[in-house]
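Residue numbers (the UniProt record's numbering): 1 to 765.
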């Protein structure tokens, strides 16, 4: 009996962890059987019920009585639509849109139209463009007649007639034709109107797009219906897309039947007569606040709530008043933002006190992300030391360089801000003035922004006139602001790329591999890319080209490619020079191609592939941006693997190497952009051609073009290790850059340390 009891106890102890699972399964099965019996009995009662079906409940639609949802109660359950293709019809490939936003029918939020005239185009319209245009996503100016010269940075549409009604009619037609299917809201304003752009954008985000909206400052018609209102054009008005679509078929009738002197009255009467919609100043809980300026108004002295809450101000009589209004409203908006920040910081402090961490959990500054905490020594963000004159962490790697440009302005501004904050905290008891910056440190934390630590030598003055010199350490943060998407011109991947490959005698061993990769990745795939070879002859080799052509083997390989691909022609250009300046070589190639050619300046070690060519097309925008990729350079396999087998997996092909930031050999740019920058360079250097030997194409675009220079790592450009030959006849900077590229391309620090260790071990034995 004792043995049986022991066995039973052991069995129960082993079964105890599974008891909750067994009980849960048993309970679930019991409830399922019980529910099934209830459902079965209820179904039998419905089936056995005699007589006609019961009438639906009062007010219920007949569809609901039959088990189908009635109107207003749509069934949103997904349905699987079976695919069926008629075998008798030819198959047609479905063309998908480039962006999912287009396929789903999404619209942009707001379009703004500014009505101007020939007389005010260069005055008030320019003021509107400088104050609010950059806040709106799309803004166009409409006028009857245009002046001889259109102001820079303004998109102008001229209708050819200065009559106000005709201008309004043509403007509404133009907006419907070109933008009616792209935007949800249309804001119409005059050039003598100041509009708070951010407030207008906030207004449309709170309005439903499903209603016909005619929103503005409602005014009565002279001698008209008391109930009808039109929106005053001087204060701007908002139209919804649905209203614009319904209004467009009636515009011709309105032009022929409605007589009016004012274009805003004409448009209001047209909307009322044909759509039955009147102007409102309040809709869906949103108010359209306006303010009418009196003569000789001083915007700086306006303190009324009506003025501060206004979305639009009218009339603005001159340009100076427009700028003063913009300054005043910017100050009002800034004060609101600062007050909102203070309120949020107070709320954060109050809520943090209730958390387990307590007040110690409050980060500084309040509301800004905490500093980045490194998990290892390799993730530590280093501090850069600076003074008021010098920076001790230079972009070119030198230990000390002069503080200038944006860095100097940044340091001056941060010191001024530090002293201002100290005075704000300690006044009126103390008044601080800067004597000297003793030490300065800064670093960029990607989680929060730029951090500064300053050791300042200050002179503190009391209210009684006593002064004392003291040193004080302050910490400041310039936080990251709201991330914005920069609008870029649209480009396609169908552009033809013209590859340019300069070749010297030292490059002959690598040409075969370049041509094989070019044939495999572009010619075999029928990519829209062409190749031009640039043979660079030394003067000695050029004299003997009749007897011995050093590039004869390359020309033979080109001939074989042209035989294999009958539709392909690979031209070459021969150049004789001792100093192969990249700019001089590009001058020769540029003259032999059209201005709209997209160049890819390659090196003989580049392995061309379709992925990179597409990025070259997408990242290079005519008259806007040039692309200088940073290729991935593999390390010397003799130092990295030391006789072991090299990595062949596709997942780690970027492991044993580095991105060569010293090389600017590869570049993508349009010929027109190069010619424009080259013209400015020629005017600057006059006839001093020796200056070109110290420059690369990158320097030409950097100093002599206003284009964006896009410099980014490019994993699609992978180059095998090779020791480049650095031409000592080039400038000192280019030669030094080439030497650094060779040295850093040998191996990583760990690999070099291991190689030195093994060498010392071998020497010691």
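Yeah, the Cβ is synthetic: ideal placement off N, Cα and C, and Gly gets one too.
Taking DSSP's pairing of strands, which residues face residue i in a bridge?
{"i": "residue 254", "result": "Partner(s): none; residue 254 has no beta bridge."}
{"i": "residue 231", "result": "218"}
{"i": "residue 453", "result": "441, 475"}
{"i": "residue 284", "result": "Bridge partners of residue 284: none, in fact."}
{"i": "residue 188", "result": "113, 237"}
{"i": "residue 501", "result": "533"}
{"i": "residue 430", "result": "462"}
{"i": "residue 108", "result": "183"}
{"i": "residue 384", "result": "442"}
{"i": "residue 448", "result": "Paired residues: none, contrary to the question."}
{"i": "residue 402", "result": "390"}
{"i": "residue 538", "result": "Note: residue 538 sits in no beta bridge, so no partner."}
{"i": "residue 314", "result": "292"}
{"i": "residue 158", "result": "143"}
{"i": "residue 308", "result": "Per DSSP, none; premise fails for residue 308."}
{"i": "residue 621", "result": "625"}
According to DSSP, simplified to helix, strand and coil, what is residue i?
{"i": "residue 459", "result": "strand"}
{"i": "residue 136", "result": "coil"}
{"i": "residue 676", "result": "helix"}
{"i": "residue 301", "result": "helix"}
{"i": "residue 209", "result": "coil"}
{"i": "residue 577", "result": "coil"}
{"i": "residue 244", "result": "helix"}
{"i": "residue 469", "result": "strand"}
{"i": "residue 292", "result": "strand"}
{"i": "residue 418", "result": "helix"}
{"i": "residue 324", "result": "helix"}
{"i": "residue 195", "result": "strand"}
{"i": "residue 336", "result": "helix"}
{"i": "residue 642", "result": "coil"}
{"i": "residue 544", "result": "coil"}
{"i": "residue 435", "result": "strand"}
{"i": "residue 368", "result": "coil"}
{"i": "residue 484", "result": "coil"}
First and last residue of the alpha helix (DSSP H) that includes residue i?
{"i": "residue 118", "result": "Neither: residue 118 is in no alpha helix (DSSP H) and is coded neither H nor E."}
{"i": "residue 554", "result": "552 to 564"}
{"i": "residue 743", "result": "732 to 744"}
{"i": "residue 726", "result": "That residue, residue 726, is in no alpha helix (DSSP H); it is neither H nor E in DSSP."}
{"i": "residue 608", "result": "No alpha helix (DSSP H) contains residue 608, which DSSP labels as neither H nor E."}
Looking at the secondary structure, which residues open and close the beta strand (DSSP E) in which residue i lies?
{"i": "residue 668", "result": "667 to 670"}
{"i": "residue 140", "result": "139 to 143"}
{"i": "residue 570", "result": "Taken as a continuous stretch (DSSP letters only), residue 570 belongs to no beta strand (DSSP E), as it is neither H nor E."}
{"i": "residue 377", "result": "Note, residue 377: premise wrong, no beta strand (DSSP E); not H, not E."}
{"i": "residue 632", "result": "625 to 634"}
{"i": "residue 599", "result": "598 to 601"}
{"i": "residue 268", "result": "From DSSP, residue 268 is part of no beta strand (DSSP E) but of the alpha helix (DSSP H) over 263 to 275."}
{"i": "residue 709", "result": "708 to 719"}
{"i": "residue 659", "result": "657 to 659"}
Got a sec? Which residues, its chain only, sit under 6 Å from residue i by beta carbon, not counting five neighbours each side?
{"i": "residue 191", "result": "114, 116, 120, 124, 125, 128"}
{"i": "residue 593", "result": "671"}
{"i": "residue 310", "result": "289, 290, 291"}
{"i": "residue 514", "result": "604"}
Tell me which residues share the same chain as residue i and place their Cβ nearer than 8 Å to its Cβ, disregarding the 5 neighbours each side in the sequence.
{"i": "residue 374", "result": "380, 381"}
{"i": "residue 746", "result": "635, 636, 639, 752"}
{"i": "residue 625", "result": "488, 619, 707, 708, 709, 710"}
{"i": "residue 400", "result": "390, 391, 392, 394"}
{"i": "residue 384", "result": "391, 392, 393, 441, 442, 443"}
Please list, in chain order, all residues of the same chain as residue i whose beta carbon is under 7 Å from its beta carbon, the five residues on each side excluded.
{"i": "residue 468", "result": "460"}
{"i": "residue 344", "result": "367"}
{"i": "residue 353", "result": "359"}
{"i": "residue 741", "result": "660, 662, 663, 724"}
{"i": "residue 763", "result": "none"}
{"i": "residue 470", "result": "458, 460"}
Can you tell me whether residue i is buried or exposed? The criterion is at least 16 other CB atoms within 10 Å of its CB, across all chains shown.
{"i": "residue 548", "result": "exposed"}
{"i": "residue 159", "result": "buried"}
{"i": "residue 377", "result": "exposed"}
{"i": "residue 507", "result": "buried"}
{"i": "residue 232", "result": "buried"}
{"i": "residue 444", "result": "exposed"}
{"i": "residue 497", "result": "buried"}
{"i": "residue 502", "result": "buried"}
Answer yes or no: does any C-beta atom of chain B fall closer than 8 Å to that of residue i?
{"i": "residue 238", "result": "Considering every chain present, this structure includes no chain B. It has just one protein chain."}
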